[in-house]
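Asker: For the sequence shown, the working numbering begins at 6 and goes up steadily by one. Structure below; questions to follow.
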Amino acid sequence: MTKFNKKILITGGAGYIGQNLTNYFLKKKYKIYIIDNLSTSKPINKNLKNKINFFKLDLVNKNRAKLFFKSKNFDLIIHLAAFSGVEQFNKNVLKSFNNNILATKNLVNFGFRNKNTKLIFASSAAVYGKVSSGKINEKHNCQPVNYYGLSKLACENIINNSLKSNYVILRYFNVVGSNISFKITKKINSLMDIIGKKIKQKKYKININGRKFETKDGTPERDFIHINDLCEIHEKAYKYLTKNKKKITLNCGSGIKYSVLDVVKEFEKNIKNKFKISYRITNTEETKTICANIDLLKNLLKINIKRKKLNDLVKDYI
Ligand SMILES: NC(=O)c1ccc[n+]([C@@H]2O[C@H](COP(=O)([O-])OP(=O)(O)OC[C@H]3O[C@@H](n4cnc5c(N)ncnc54)[C@H](O)[C@@H]3O)[C@@H](O)[C@H]2O)c1
Numbered sequence: 006m007t008k009f010n011k012k013i014l015i016t017g018g019a020g021y022i023g024q025n026l027t028n029y030f031l032k033k034k035y036k037i038y039i040i041d042n043l044s045t046s047k048p049i050n051k052n053l054k055n056k057i058n059f060f061k062l063d064l065v066n067k068n069r070a071k072l073f074f075k076s077k078n079f080d081l082i083i084h085l086a087a088f089s090g091v092e093q094f095n096k097n098v099l100k101s102f103n104n105n106i107l108a109t110k111n112l113v114n115f116g117f118r119n120k121n122t123k124l125i126f127a128s129s130a131a132v133y134g135k136v137s138s139g140k141i142n143e144k145h146n147c148q149p150v151n152y153y154g155l156s157k158l159a160c161e162n163i164i165n166n167s168l169k170s171n172y173v174i175l176r177y178f179n180v181v182g183s184n185i186s187f188k189i190t191k192k193i194n195s196l197m198d199i200i201g202k203k204i205k206q207k208k209y210k211i212n213i214n215g216r217k218f219e220t221k222d223g224t225p226e227r228d229f230i231h232i233n234d235l236c237e238i239h240e241k242a243y244k245y246l247t248k249n250k251k252k253i254t255l256n257c258g259s260g261i262k263y264s265v266l267d268v269v270k271e272f273e274k275n276i277k278n279k280f281k282i283s284y285r286i287t288n289t290e291e292t293k294t295i296c297a298n299i300d301l302l303k304n305l306l307k308i309n310i311k312r313k314k315l316n317d318l319v320k321d322y323i
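See below:
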């Protein structure tokens, strides 16, 4: 069987990462199926919708999930469906927690009747919790400091305890950028989304969450991964699983950290305009710094992360 008829199911495929992955894999001639309950996204863009098979389905609904998988088989399932974003998550912790756990539980219970079906799970750097300033590898202790991170760790545990092998857990760091020409309406806006929006509205004012963090310039530091690199990681992870029936957990970052102030300055450079910056503290629980050690990712998947410079990361937003 060639990749031209390989079937990929993307749960939560109507969301930001899902639509970008869909676009990427369609170009590579994979057959794409999406299930999404549209709880945090808008209906999938029509340019993509007529090239895929879309099913409006809530993975939390056990009977509907069971029925769906009864008649379908996939080569790969990419499991993105979740409530995410700490602020959004905390608005209704119990509902959000249940959503992520039950969706994952139903998927692993019903989605893998065929032993050849492979799984890629979208986990998060939030599973690590508070970390020191060095780069963290996958063996680092997982002690989430928020319920979102805890839900992702619980989902990892469900997968590790239910499936023997044939899966990759990807711990995404901060995903940025886009490979699609149309706009995706997002419920959770990242730092770059917010700055990009302000530029479009010509509102050159921004608040940074304090400047007393123990970092090079006092503002929080993050590891950003461009969506195109992330898409390539998924393709390579799938290829890895077709050759090795294993289970692995991999960090997905660029291995480089930038501060929030670095990001604002890079935008300023691009638009040749200055932002008026305030430093009001709005989130007392913000992680001061986090950066991925990506040695395992590079060695196992033989991948080279291409977009590491800040300019490559911000340009999709201008
Ligand atoms: N965006 C990032 O930087 C980032 C970082 C780390 C991890 N992640 C993880 O990656 C995944 C995708 O993130 P995203 O940014 O595209 O989020 P998103 O909110 O844009 O997409 C999530 C999608 O899942 C759907 N969904 C939620 N619960 C569902 C359910 N019970 N049944 C069916 N569909 C459901 C939503 O409607 C939405 O379309 C999430 O699991 C998220 O936790 C994202």
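Ideal Cβ placement from N, Cα and C applies to all residues, glycine included. Since the model is a prediction, treat every value here as computed from it, not as a measurement.
1) Below 8 Å on the Cβ atoms is my guess for V269 versus L235; work out the distance and round it to an integer in Å.
2) Can you give, in chain order, each stretch of the alpha helix (DSSP H) that sits fully within the region 158-244 and has at least 4 residues?
3) At a cut-off of 8 Å, would you count V65 as near ligand 1, judging by its Cβ distance to the nearest heavy atom?
4) Starting from A297, follow its DSSP beta bridges and name the residues at the other end.
5) Within 8 Å: the Cβ of F117 and any heavy atom of ligand 1?
6) Give me, in chain order, the residues of the same chain whose beta-carbon lies closer than 7 Å to that of F280; leave out the 5 immediate sequence neighbours on both sides.
7) Using a Cβ-Cβ cutoff of less than 6 Å, which residues in the same chain neighbour K251 once the five nearest sequence positions on both sides are dropped?
8) Please return the same chain residues whose Cβ sits closer than 8 Å to the Cβ of N103, not counting the five positions on each side in sequence.
9) Run through DSSP, which three-state label would A86 get?
10) Compare the C-alpha of T45 against each of F88, N78, K307 and G201 and name the closest.
11) Is S283 helix, strand or coil by DSSP?
12) By the 10 Å Cβ neighbour count, where 16 or more other Cβ atoms means buried, how is K110 classified, buried or exposed?
13) Can you name the start and end residues of the alpha helix (DSSP H) that F272 belongs to?
14) Using the C-alpha atoms, what's the distance from K313 back to N275?
15) Who are the Cβ neighbours of I261 in its own chain at under 6 Å, not counting the five residues just before and after it?
16) For S101, which of helix, strand or coil comes out of DSSP?
17) When you compare only the Cα positions, how much space is there between G283 and S76?
18) S259 and T220 - do their beta-carbons sit closer together than 9 Å?
19) Are there any heavy atoms of ligand 1 lying less than 8 Å away from the beta-carbon of K355, as far as the coordinates show?
20) Once you ignore the five residues that flank S101 on each side, which residues in its own chain have a CB closer than 6 Å to its CB?
21) Tell me the DSSP bridge mates of L81?
22) Should S138 be counted as a contact of ligand 1 given a C-beta to heavy atom distance under 8 Å?
23) In this structure, what does DSSP give as the bridge partners for N322?
24) For N10, which residues from the same chain have a beta carbon less than 7 Å from its beta carbon, with the 5 sequence-adjacent residues on both sides left out?
25) What whole-angstrom Cβ distance do S195 and D321 have, given they're in contact under 8 Å?
26) Could you tell me the distance, in whole angstroms, from the CA atom of K51 to the CA atom of L43?
27) Check K135 in the structure and name its three-state DSSP category.
28) Can you look up K251 in the DSSP assignment and give me helix, strand or coil?
29) Looking at the structure shown, is D63 part of a helix, part of a strand, or coil, going by DSSP?
30) Taking the alpha-carbon of A324 as reference, which of C147, L124 and V319 has the nearest alpha-carbon?
Answerer: Inspection of the coordinates gives the following:
1) About 23 Å separates the two Cβ atoms, so there is no contact after all.
2) 196-205
3) yes
4) I141
5) no
6) Y209, K210, I211, V269 and E273
7) S170
8) V65
9) coil
10) F88
11) strand
12) buried
13) V265 to I276
14) 17 Å
15) K313
16) helix
17) The residue you asked about is not Gly; residue 283 is Ser in the sequence shown. Cα-Cα distance, rounded: 55 Å.
18) no
19) Shown here, the chain extends from 6 to 323; a query on residue 355 therefore has no answer.
20) F88 and F94
21) I13 and K123
22) no
23) Reading the sequence as shown, one finds Tyr at residue 322 and not Asn. According to DSSP, which records beta bridges pairwise, Y322 is partnered with nothing at all.
24) K36
25) No, S195 and D321 are not in contact; Cβ-Cβ is about 12 Å, not under 8 Å.
26) 15 Å
27) coil
28) coil
29) coil
30) The chain is shown from 6 up to 323; residue 324 falls before or after that span and cannot be answered.
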